[in-house]
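Below is one structure, written out as structure tokens, with a few remarks after it.
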Amino acid sequence: MARRLLITLVVTMAFGCTTVRVVPPPPAAEVSGRWVGSWRAIDTMNVPREGMLGLDLAQDGASGRGKMVWFDTHITMVPESARLAGALGVPVVFAISGSTVALRHELGARQLAMQLTVDGDEIVGAVDTPARVEVRLTRLSRPGAVSVAHRLGLLEADGARVGDRVTTLEERTAMLAAAVEDARGTADEAAIAAREARDGVEESTIAQGEMTARLEELLERRASENVTGAASPVASSGHTDRTIIHTLDVRFAFDKSQLDDAGATALLEVVDLLKENPELSAELEGYTDSVGSTDYNMRLSQRRVEAVHRYLARAGVPLERVHIIGLGQLPDKDPDARTKNRRVTVKLLMAED
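Residue numbers (the working numbering): -10 to 342.
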């Protein structure tokens, strides 16, 4: 009997002192960094509304903290906490499960709650409210060093772009060779082409000069009014009048929302003007051709305007100085009109004091 009790005691001590530690798996998504994008909702009059959105997140394991800034929050569908916070932003906490992020106000879900889905450097989701407010964000930067895989992806993308440019150059060379072979007055045609190119440069220079002169005129008038103490009238609606300084159309390929090299080059001038002149703001209007359904084209125009907005944000233009809206399709009757309608119109504006 004593021997049986001793065996029972030894077995109990051996198994009773064993501790099994369960280590939870790491989350599938990594969301640290700066994100920028837009929100979209349908107001009480069944009219689509949208605005800009900024998000900074710091992840620690499967949770973290951050700040969310909502812009253009003039409708009641946007949570009150976001509208009241303004540019100061809403403090948020979040938890990650797989590729799903549950995000809420640090004071509780009654203030703000969102369900988000992460796909690499893209986030989509909605606010937990009766009136659905959809959000779409793209990561601008990550904390720390760039991963090897990400660098390889960038190199592959650069290689693809170089390959496309080489192919384009080869095609242009072949076309030029055929034109030279067929032409008889090579010297005359070259002279005409040179003259047209020179005229184009002169027209571009004149347009640039007119825009600069207009900007300088407005700045001088504003400075003069400030010195003399003259007060400009304020509209009864409470909005400040704005003058269009410059308009630029950024073209897109059929059914595409990616910004090409030509569009990026054209936007360099806009970036320089916005950086050098803090009095200026920008309005981005997205459009499509008439091919496809109205709903699809509305979303396509929004993606196009977001592509231009991301480019300006990456170039250092403050979010609060850029306003965006996707306006959907425009009527067209021929291929030339459809080509012109696949665009984002950039308007540089100056507020009239």
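Where is the CB? At the ideal position from N, CA and C, for every residue including glycine. Note that this is a predicted model, so its numbers are computed, not measured.
Nearest Cα to G305 within the set V260, E268, A84 and T127: V260. Around the C-beta of P68, 16 or more other C-beta atoms lie within 10 Å, and the residue is accordingly described as buried. Here G55 is buried: its Cβ has 16 or more other Cβ atoms, across all protein chains shown, within 10 Å.
A direct Cα-Cα distance of roughly 23 Å separates V36 from G75. Just so you know, the alpha carbons of E160 and T33 end up roughly 53 Å apart.
D278 and E295 have their C-alpha atoms spaced approximately 17 Å apart. Inside the stretch 14 to 96, DSSP marks whole beta strand (DSSP E) runs of 3 or more residues at positions 22 to 31, 37 to 49, 52 to 59, 79 to 86 and 89 to 94, from first to last along the chain.
If you draw a straight line from the Cα of M339 to the Cα of P307, it comes to about 15 Å. Here DSSP, grouped into helix, strand and coil, assigns Q247 to coil. For R240, the enclosing beta strand (DSSP E) stretches over residues R231 to R240. Across the structure, D61 and R327 are spaced so that their CA atoms are roughly 31 Å apart. With contacts defined by Cβ atoms closer than 8 Å, G252 and M287 do not form a contacting pair. Where L319 is concerned, there is no enclosing alpha helix (DSSP H), because DSSP gives it neither an H nor an E. Beyond the five residues adjoining it in sequence on each side, G78 comes within less than 7 Å, by CB distance, of K56, M57 and V58 in the same chain, given in chain order.
Following the DSSP letters along the chain, one finds L126 in no alpha helix (DSSP H) but inside the beta strand (DSSP E) bounded by residues V122 to S130. D108 carries a strand assignment under DSSP once its states are collapsed to helix, strand and coil. For E274, the enclosing beta strand (DSSP E) stretches over residues L269 to T277.
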